[in-house]
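Scroll down for the structure; my scribbles are underneath it.
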Amino acid sequence: MDQARVSPLDVAILVATLLVAAAVGLVVGRRAKSTRAYVVGERDVPWWAVLLSIVATETSAVTFLSIPGKAYFGDLRFLQLPLGYIVGRIAVARLLLPRYFEGDALTAYEVLGRRFGPGVKRLTSALFLVTRSLADGLRLFLTALPLQALTGMPLSAAVAVMALVTVVYTFVGGMKAVVWTDVVQFAIYIAGGVLALAVACGDVPGGLGGIVERAGDAGKLRWLDFTPTLASSDVFWAGLVGGAFLTLATHGADQLMVQRYLSARSRGQAAVALIASGVVVFLQFGLFLLLGLALWAWFAVHPATRPIAGGDEVFSRFIVQRLVAIPGAVGTILGGIFAVSMSTLSSSLNASAAALVNDFVKPTVGRAWDDARTLRATKLATLLFALVQGVCGLVGGVFSKSVVDSVLQIAGFTTGVTLGLFFLARVAPRATGGAALVGASVGLAALLFVSRCTPLAWPWYSCVGAGVTCLVGLACAPLFGRARGGAAT
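What follows is the structure, given as structure tokens:
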């Protein structure tokens, strides 16, 4: 990618953005003196902050840098996916959210552990830890690309800078620091996206209206596609059904999101935040796809200095080729890119640390640890996962396709299996941990086969994983006897 010189003003704006976000996290989280406060913020976060934290957490550099490329090289059909997200959120609020507010669980997998035993809890928690590290390593890699392009620093240094800045306030402040920093970062990255859109529209004859008109003539405004196929991720059925199952999995059976619900003041506030976040995500996708159309029109008028290799490169090239000429613009955009990445990464670090300590370490040591020791272990685990995700970020370049597809495919591959176990708990109250483990194993094998040997599009992965896991577990239930107590989760 072409390099560009970053002005002192841009550097000042970027540094100020990072410092403000980190300072908010450090100040808000300074009172996290217990494990409960560190992991779920004492369950005292207002619904609107939980809402913005949910949106900011699932929005990463993938959204900011990769989704505009979807519209640049194609059209608006990617917007069908958040329709499924809204449906999935409603289902999570109705079916799964009540289970998390029963008892005093700190992780999603403790709920499965109470129902199926420690083996299932460890399996699902391990799946979360592995896939979260891989997916967020890719997000870290994508965020480091514009930093590398604009400063000329090695990719390894760019990855290290991002990981270091993020881990500081996460390590100190825990969940409250993460949530309230998410709120600030939401405002920062939306401002960055709007700024880039305004600049692109201002450089194109006719402005936004002219861009929309030309995009319509080129067939790029299509956003609904009812083609009856399972091989494409850009059709209505994949977006609505696949997106709904993906959201059921990622927002209903993933510690990253469940931790946010548990930090809300009540189950009702958590449900409002969850459902409303789907609408905000739909609008947000619309903004970044519209930006992609604007960049398509902009590069038609101002040809790229060299061919654009893929969708992940479109926005970065616009920053290098155009925004560097505007004082302060690059600093603002980079601040937005860093904000979305820091939001997701900080949430991931805190959630992964909580899962490791509560699902693996504490059950091993038993009652030997008091709360102070558990808190120290959770903070050390935060540092560990920062290192792991940094390493994953360094190898992110091996993924040749769009990073957004890679990240969502990873999410759908294993969270669907966890979702299937929650379904099994509801429909088979007598099923034991043995049946659940067999179901999960077959579900993973089925997904491996589907991903390697069939053309099935990735939005369907969660549906396949959940369906196979639940059905096999249900079929095996009579072979393993009855669950003690027989109560459904």
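Here the sequence shown stands for residues 8 to 496, where the numbers follow the working numbering.
Glycine included, every Cβ here is placed at the ideal spot set by N, Cα and C.
Cβ pair residue i, residue j closer than 8 Å
{"i": "R267", "j": "R50", "result": "no"}
{"i": "L83", "j": "L296", "result": "yes"}
{"i": "C470", "j": "V127", "result": "no"}
{"i": "L269", "j": "V47", "result": "yes"}
{"i": "V190", "j": "L59", "result": "yes"}
{"i": "T422", "j": "A447", "result": "no"}
{"i": "A432", "j": "R122", "result": "yes"}
{"i": "I61", "j": "M264", "result": "yes"}
{"i": "G223", "j": "I20", "result": "no"}
{"i": "T516", "j": "V242", "result": "The shown model of the chain, from 8 to 496, leaves out residue 516, and the question about it has no answer."}
{"i": "S73", "j": "V347", "result": "no"}
{"i": "F367", "j": "Q262", "result": "no"}
{"i": "L281", "j": "V99", "result": "yes"}
{"i": "G285", "j": "R96", "result": "yes"}
{"i": "V479", "j": "V445", "result": "yes"}
{"i": "R324", "j": "I333", "result": "no"}
{"i": "A44", "j": "G181", "result": "yes"}
Cβ shell of residue i (< 8 Å), same chain only, five flanking positions each side left out
{"i": "G217", "result": "V211 and A304"}
{"i": "L330", "result": "A203, V206, A336, V337 and I340"}
{"i": "L463", "result": "L237, A238, V457 and V471"}
{"i": "S407", "result": "For S407, the pLDDT reaches just 44, beneath the cut-off of 50, and the residue's location in the model is therefore unreliable, although a value from the coordinates is still provided. If we look at S407 and ignore the five residues flanking it on each side, it has no Cβ neighbours."}
Beta-carbon contacts of residue i that lie in its chain and below 6 Å, excluding the five residues immediately before and after
{"i": "P485", "result": "none"}
{"i": "L294", "result": "G200"}
{"i": "P89", "result": "V288, F289 and F292"}
{"i": "A452", "result": "none"}
{"i": "F487", "result": "T439, G441 and A442"}
{"i": "S132", "result": "Y116, A362 and D366"}
{"i": "G124", "result": "G440"}
Span separating the alpha-carbon of residue i from that of residue j
{"i": "V57", "j": "S354", "result": "12 Å"}
{"i": "Q87", "j": "K40", "result": "43 Å"}
{"i": "G76", "j": "V34", "result": "37 Å"}
{"i": "A494", "j": "F71", "result": "Confidence is the limiting factor: at A494 the pLDDT is only 40, short of 50, which leaves the residue's position unreliable, though a coordinate-based value still follows. Cα-Cα distance, rounded: 44 Å."}
{"i": "T114", "j": "S14", "result": "44 Å"}
{"i": "A142", "j": "W467", "result": "18 Å"}
{"i": "G209", "j": "L426", "result": "46 Å"}
{"i": "V434", "j": "L302", "result": "49 Å"}
{"i": "L16", "j": "G397", "result": "28 Å"}
{"i": "L119", "j": "T42", "result": "21 Å"}
{"i": "W376", "j": "G259", "result": "30 Å"}
{"i": "V411", "j": "V308", "result": "In this prediction, V411 has a pLDDT of 49, which is less than 50 and means its spatial position is unreliable; what the coordinates show is noted afterwards. Going from the Cα of V411 to the Cα of V308 covers about 27 Å."}
Nearest-angstrom Cβ-Cβ length linking residue i and residue j, presumed shorter than 8 Å
{"i": "A443", "j": "L428", "result": "6 Å"}
{"i": "Q523", "j": "L162", "result": "The question about residue 523 has no answer here: the residues shown for the chain are numbered 8 through 496."}
{"i": "V166", "j": "G400", "result": "4 Å"}
{"i": "T563", "j": "A358", "result": "What the structure shows of the chain is the stretch from 8 to 496, and residue 563 is not part of that stretch, so it cannot be assessed."}
{"i": "W187", "j": "V31", "result": "6 Å"}
{"i": "I344", "j": "T173", "result": "Between T173 and I344 the Cβ distance is about 13 Å, and since that is not below 8 Å, they are no contact."}
{"i": "A379", "j": "F193", "result": "Actually they are not in contact, since the Cβ atoms of A379 and F193 sit about 33 Å apart, beyond 8 Å."}
Proximal residues to residue i (C-beta, below 7 Å), its chain only, five neighbours per side dropped
{"i": "V175", "result": "A29"}
{"i": "R274", "result": "L104, P105 and F108"}
{"i": "T177", "result": "A184, V185, S353, L356, N357 and T389"}
{"i": "G492", "result": "Note that G492 scores 43 on pLDDT, short of 50, meaning its location in the model is unreliable; the coordinates nonetheless yield the value given after this. No residues qualify anywhere along the chain."}
{"i": "R221", "result": "A304"}
{"i": "G318", "result": "S73, G76, K77, Y79, F80 and S409"}
Beta bridge counterpart(s) of residue i as assigned by DSSP
{"i": "V52", "result": "A271"}
Distance cut-off 7 Å: residue i Cβ against heavy atoms of the ligand NAP
{"i": "V424", "result": "Here there are no bound small molecules, and the ligand NAP is not part of this structure."}
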